[in-house]
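Student: In this note's numbering, the protein residues as written are 144 to 675. The beta carbon of each residue, even a glycine, is placed where N, CA and C say it ideally should be. Just passing along the structure, written as structure tokens.
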Amino acid sequence: MLYDGVPVDLTPEQEEVATFFAVMKETDYMKKDTFLNNFWEGFREVLGHGHVIKSLDKCDFLPFYNWHMAEREPKKNLSKEGGASQEKEKLKKEKDEAEAKYKYALVDGRQEMVGNFRVEPPGLFRGRGEHPKMGKIKKRIYPRDITINIGEGVPIPGHPFTGQQWKEVKHDKSVTWLAFWRDPVNTKEYKYVFLAATSTWKSESDLQKYEKARKLKDFIGGIRDTYTRNWDSRDRAERQMATALYFIDKLALRAGHEKDEDEADTVGCCTLKVENVECAPPNHIKFDFLGKDSIRYENTVDVEDKVFKNVELFKRENQSGKPKKEGDQLFECFDAQDLNVRLKDLMEGLSVKVFRTYNASITLDRLLAEGEEAASAEAETVEGRVADYNRANKEVAILCNHQRSVPKAHENQMEKLQEKLDAVRQEVKDLQADLKRAKAGKKGEDGKVLREEVVAGKLEKKQAQLLKMEITAKSKEDLKTVALGTSKINYLDPRITVAWCKRNEVPIEKVFNKSLLSKFLWAMDVEPEFRF
DNA sequence: ACCTAGACTTGGAACAATTTTA
DNA sequence: TAAAATTGTTCCAAGTCTAGGT
């Protein structure tokens, strides 16, 4: 690389770290001081005392960047060869065979698929949002860092590093992890190797999750009565909890546990700050905060009068009447743990996240049933019913605030779509004009004879095409910031979907892809009458 | 009665494969 | 048939929550 315009030789270790940084060239991280400072701190350490490189500003990483770009060139060309490329297939086969032995684990006599069998490679930590640790070096993990969990008396699996041993070999039957190591950046945390989503353990806990959420159905009436009553409890903590629980139930908010100074500043329901809610009389409350993954939650809702009064009060002053200021907690009298403890009194095993699962699933169940009842003309085709399903899915995704960034090419694609739409609209107009002429027994503009039935048929087809395109365009625009996958994978009881498919003669493959199908194998034999 | 280490679920983005379109 | 669009998969970060130690 170049330092101050002069070539500098680095050791292989230093080169590796420099490359981590070089490949970030085109990302937004390069504009963030936190990222640059953290990287420089780590890089300086790797360079060692008294190195000629004394500041990041004068470093030119372009040679590493160019090397990296050149490195991936041959791969691209290989994939361009197209169908005839046996080279590519051979490579893939070799890779699969080499990996095969790591993909399965023998658990209680069953062969189970492993989820993440690869150790995370070294690199730079890329936190989401304004993470204080972004840019820190994520060190390489060695066998000596890893604790493995295997059956007693089973041979200890090997590794490619001679002269090293696993950190520890455990035989713990009370946990599901196969291996773990300490996260090198967030040193209080761990990274685990677990079984895949298709495994018996994961399926069983998935089923349990949904059964618990279904159980909440029997309690929800009482719970709502209780928290409604507690909106004017004279105990401020009770009153705050009742208000928070209302939001958790109505808006499917996350719990929001306390966070450390060295994490991104995000909140959930229990950690809302006074500036995250605005009260607009008579009863509108506007939420605006950064939630998990620093995704913005922005929503204005109408609430009951008592809730409105409470929020105004909690926003204004604390228990002793002292005014609150920006940065203060809206609910200062309790935290997520306290609330979870309280929930245990209302239903065995109840915790905040169960409300999210419950509300997501019951909403899907309700919307699908409403769709079946409405029996719209659209629902006569399989495509129409699938569109119905996707609409319901979308509503749940919006409820859970599952967002995605607008695809890079979106704007461009929409413009093209509009142009096409305009063209088809013109064609429709022309056909309508032709039809008029045909009815009047006139010839077409180009002098050709027009037969009324033929023109009418063409027109009808064109109009159908136009309608379809308009729907596509609208749904594309509607979904540009909505991610449907997350709720399907984590919140919607698959039995609702399977039962609906059975009732409506929709092949399950239309709504579940291959991996969802195998993840939800446990739900496939549900009876068509199943309701959440 | 706390409190936090430890374990497990949830989440969006990046990347890869596949399908559709021009 | 290449490029564009769509869909599926992998990656790993960031949540939730409880058990067990003090």
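1) Evaluate contact between the stretch 372-387 and the stretch 465-485, counting only Cβ atoms and requiring at least three cross-stretch pairs below 8 angstroms.
2) Taking its Cβ as the centre, do 16 or more other Cβ atoms sit within 10 Å of residue 255, making it buried, or is it exposed?
3) Going by Cα to Cα distance, which pick from 534, 417, 295, 426 is closest to residue 470?
4) Sorted by chain position, which residues of the same chain lie with C-beta nearer than 8 angstroms to residue 615's C-beta, five sequence neighbours on each side aside?
5) Where do the ends of the alpha helix (DSSP H) carrying residue 715 lie?
6) Would you call the stretch 344-356 in contact with the stretch 271-279, where contact means no fewer than 3 C-beta pairs closer than 8 angstroms?
7) Within the continuous alpha helix (DSSP H) that includes residue 659, where are the two ends?
8) In chain order, what residues of the same chain have a beta carbon less than 7 angstroms from the beta carbon of residue 227, not counting five sequence neighbours either side?
9) Which residues mark the beginning and the end of the beta strand (DSSP E) in which residue 324 is found?
10) From the DSSP output, in three-state form, read off residue 370 for me.
11) What's the C-alpha gap between residue 644 and residue 573?
12) Where residue 613 and residue 488 are concerned, what is the direct C-alpha to C-alpha distance, given to the nearest angstrom?
13) Provide the residue(s) that pair with residue 311 in DSSP beta bridges, ordered along the chain.
14) Would you please state the rounded distance, in angstroms, between the beta carbons of residue 433 and residue 454? I believe it to be under 8 angstroms.
15) Can you list, in chain order, the residues of its chain whose CB lies under 7 angstroms from that of residue 225, leaving out five sequence neighbours each side?
16) Since residue 422 is in the beta strand (DSSP E), which residue starts that stretch and which ends it?
17) Could you name the residues of the same chain whose beta carbon sits closer than 8 angstroms to that of residue 625, not counting the 5 residues immediately before and after it, in chain order?
18) How big is the Cα-Cα spacing for residue 205 and residue 185?
19) Using 8 angstroms as the Cβ pair cut-off and three pairs as the minimum, do the stretch 507-515 and the stretch 491-498 touch?
20) Express the C-alpha separation of residue 639 and residue 508 in angstroms, rounding to a whole number.
21) Check whether the Cβ atoms of residue 279 and residue 182 sit closer than 9 angstroms, and answer yes or no.
22) What does the alpha-carbon distance come out to for the pair residue 403 and residue 424?
23) State buried or exposed for residue 391, treating a residue as buried only when at least 16 other CB atoms are found within 10 Å of its CB.
24) Helix or strand or just coil, what does DSSP make of residue 248?
25) Got a sec? Which residues, its chain only, sit under 7 angstroms from residue 370 by beta carbon, not counting five neighbours each side?
26) Counting only the same chain and skipping the five closest in sequence on each side, list residues whose C-beta sits under 6 angstroms from that of residue 634.
27) Can you give me the C-alpha to C-alpha distance between residue 594 and residue 575, rounded to a whole angstrom?
28) Which two residues bound the contiguous beta strand (DSSP E) that contains residue 431?
29) Using the Cβ count rule (16 or more neighbours within 10 Å means buried), how would you classify residue 342?
30) Expressed to the nearest angstrom, what Euclidean distance is found between the alpha-carbon atoms of residue 564 and residue 557?
31) What does DSSP give as the partner residue(s) for residue 281 in the beta ladder?
32) Quick one: measure Cβ to Cβ for residue 146 and residue 195, integer angstroms, because I've assumed they're closer than 8 angstroms.
33) Can you tell me which of 408, 406, 414, 268 puts its alpha carbon nearest to the alpha carbon of residue 398?
34) Taking the beta strand (DSSP E) that residue 173 falls in, what are its first and last residues?
35) Nearest by alpha-carbon distance to residue 257: which of 338, 191, 313, 238 is it?
36) Would you mind working out which of 401, 437, 449, 394 sits nearest residue 443, comparing C-alpha positions?
Tutor: Concretely, from the data shown:
1) yes
2) buried
3) 417
4) 560
5) Because the chain is modelled from 144 through 675, residue 715 falls outside the range shown and cannot be assessed.
6) no
7) 657-662
8) For residue 227, the predicted structure reports a pLDDT of 43, less than 50, and the residue's modelled location is therefore unreliable. The matter cannot be settled from this model.
9) 322-325
10) helix
11) 41 angstroms
12) 51 angstroms
13) 290
14) At roughly 19 angstroms, the Cβ-Cβ gap does not stay under 8 angstroms, so residue 433 and residue 454 are not in contact.
15) Legend: pLDDT at residue 225 = 42, less than 50; position of this residue unreliable, no value from coordinates given.
16) 420-423
17) 537, 540, 541, 545, 546, 547
18) 19 angstroms
19) no
20) 6 angstroms
21) yes
22) 35 angstroms
23) buried
24) strand
25) 385, 388, 389
26) 500, 503
27) 13 angstroms
28) 427-433
29) buried
30) 10 angstroms
31) 266
32) 6 angstroms
33) 414
34) Per DSSP, residue 173 belongs to no beta strand (DSSP E) and is neither H nor E.
35) 338
36) 394
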